[in-house]
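Note that numbering that gives the first Met the number 0 numbers the sequence shown so that position 124 is 123, with each residue one more than the last.
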Amino acid sequence: METSLYLPVKGFLEKAGYAVKGEVGGCDLVGLSEDDPPVVVICELKLSFNLELILQAVDRAAVSDEVWIAARVSAKGRGRESDKRYRDLCRRLGIGMLGVSDAGDVSVIVASVTPMPRTNPKRRSRLVREHRRRVGDPSLGGSTRAPLMTAYRQQALGCAAALAEGPLRVREIRAGVPEAGNILLSNVYGWFERLDRGVYGLTDAGREALQRWPQPERQAAE
């Protein structure tokens, strides 16, 4: 699975100075530098190099400063990474190629040296905002079947954890989850129920969510 490539590539980019998180804004892997504004690096993962991987990278060029593609290299040297035409295409497009061995070693096949044009600043801003709001790195890049742990889902789980012991007023939850008011009102996942004006409780779906994604114990608000 593509997720097996995530940690080696994440480690490679972290050594280059980027804060890396997986599955942000539809991208397998997003890295941000500490600069202001940050340098945005995106990497897409596949088990082997193919045309679809290049097409994904071209799409990501609109929101990033560097685009990389990464795949497992063929042990017999018969993969697309050995095809000079494929490598030359990546060079012309400014797409970097990373090869990942069975042992998890990452090597640069083609360097990402040509600046990619940024043509969608709004989409780029959403990508950076989601990366910064997400707590930790809860999703492996390349995941396709499991629900993604977005920043919004993390905050909704924070509200659910606060309500686990019984109904609360929005202001009591907002101490730990600043956007609690909008999250409870929208109730996107069906985890909450309005019991009174400004008072919410937890539904069975919310309790099931907490079992699926256990949360640390919530400290009482001062």
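Glycine included, each C-beta is placed from N, C-alpha and C at the ideal position.
Name the two residues that bound the continuous beta strand (DSSP E) containing residue i.
i      : result
GLU43  : 39 to 45
ASP58  : That residue, ASP58, is in no beta strand (DSSP E); its alpha helix (DSSP H) goes 50 to 59.
SER106 : 105 to 109
GLY98  : 94 to 99
ALA69  : 65 to 71
ASP27  : 26 to 31
GLU1   : Careful: GLU1 lies outside any beta strand (DSSP E) and carries neither H nor E.
ASP195 : 191 to 195
Around the Cβ of residue i, are there at least 16 other Cβ atoms within 10 angstroms (buried) or fewer (exposed)?
i      : result
GLY189 : exposed
GLU13  : exposed
ASP35  : exposed
LYS121 : exposed
ARG77  : exposed
GLU65  : buried
GLY141 : buried
ALA74  : exposed
LEU167 : buried
ALA179 : buried
VAL19  : buried
ARG91  : exposed
ALA219 : Any reading at ALA219 must be qualified, since the residue scores a pLDDT of 40, below 50, and its modelled position is unreliable; the value itself is stated next. Result: exposed.
ALA124 : According to the sequence displayed, residue 124 carries Ser and not Ala. Exposed is the call here.
Quick check on this structure: which residue in the options has the alpha carbon closest to the alpha carbon of residue i?
i      : options                        : result
GLN245 : GLY140, TYR199, ALA208         : Coverage of the chain is limited to positions 0 through 221, which leaves residue 245 absent and any answer about it impossible.
GLU171 : GLU33, LEU4, GLY197, PRO37     : GLY197
LEU184 : GLY165, ALA155, ARG84          : ALA155
ALA70  : ILE182, VAL8, PRO146, ARG206   : VAL8
THR2   : GLY10, LEU46, VAL40            : LEU46
VAL105 : GLY135, PRO137, TRP67, LEU54   : TRP67
ILE94  : LEU50, THR143, ALA102          : LEU50
ILE182 : GLY165, GLU164, GLY205         : GLY205
GLN210 : ALA163, GLY180, ARG125         : ALA163
ALA145 : SER111, GLU80, SER63, TRP212   : TRP212
LEU126 : ALA18, VAL39, GLN214, PRO215   : VAL39
MET0   : VAL169, THR143, PRO215, ASN186 : THR143
ASP82  : ALA102, VAL109, LEU54          : VAL109
Rounded C-beta distance between residue i and residue j? I'm assuming under 8 Å.
i     : j      : result
GLY21 : LEU139 : 5 Å
GLY16 : SER32  : 6 Å
TYR5  : LEU52  : At roughly 15 Å, the Cβ-Cβ gap does not stay under 8 Å, so TYR5 and LEU52 are not in contact.
With respect to the alpha helix (DSSP H) encompassing residue i, which residues constitute its N-terminal and C-terminal limits?
i      : result
TYR17  : Unbroken run through TYR17: none, as it is neither H nor E.
ASP34  : From DSSP, ASP34 is part of no alpha helix (DSSP H); its letter is neither H nor E.
ARG125 : 120 to 132
VAL169 : 169 to 173
Checklist entry - Counting pairs of beta carbons, one from the segment 130 to 150 and one from the segment 191 to 206, are three or more of them closer than 8 Å? => result The segment 130 to 150 and the segment 191 to 206 do not touch, with fewer than 3 CB-CB distances between them shorter than 8 Å.
Checklist entry - With contact counted as at least three CB pairs below 8 Å, one residue from each stretch, are the segment 170 to 180 and the segment 54 to 73 in contact? => result Not touching, per the Cβ criterion.
Next on the checklist: I'd like to know if the segment 195 to 202 and the segment 156 to 165 are in contact, where contact means that at least 3 CB-CB pairs between them fall below 8 Å.
Outcome noted: Segments in contact, yes.
Next on the checklist: Within 8 Å, do at least three Cβ pairs link the segment 95 to 110 to the segment 128 to 141?
Outcome noted: As far as the Cβ criterion goes, the segment 128 to 141 does not touch the segment 95 to 110, which means the pair count is below three.
Next on the checklist: Is it the case that the segment 23 to 30 contacts the segment 75 to 90, given that we only count it when at least three CB pairs across the two stretches are under 8 Å?
Outcome noted: Not touching, per the Cβ criterion.
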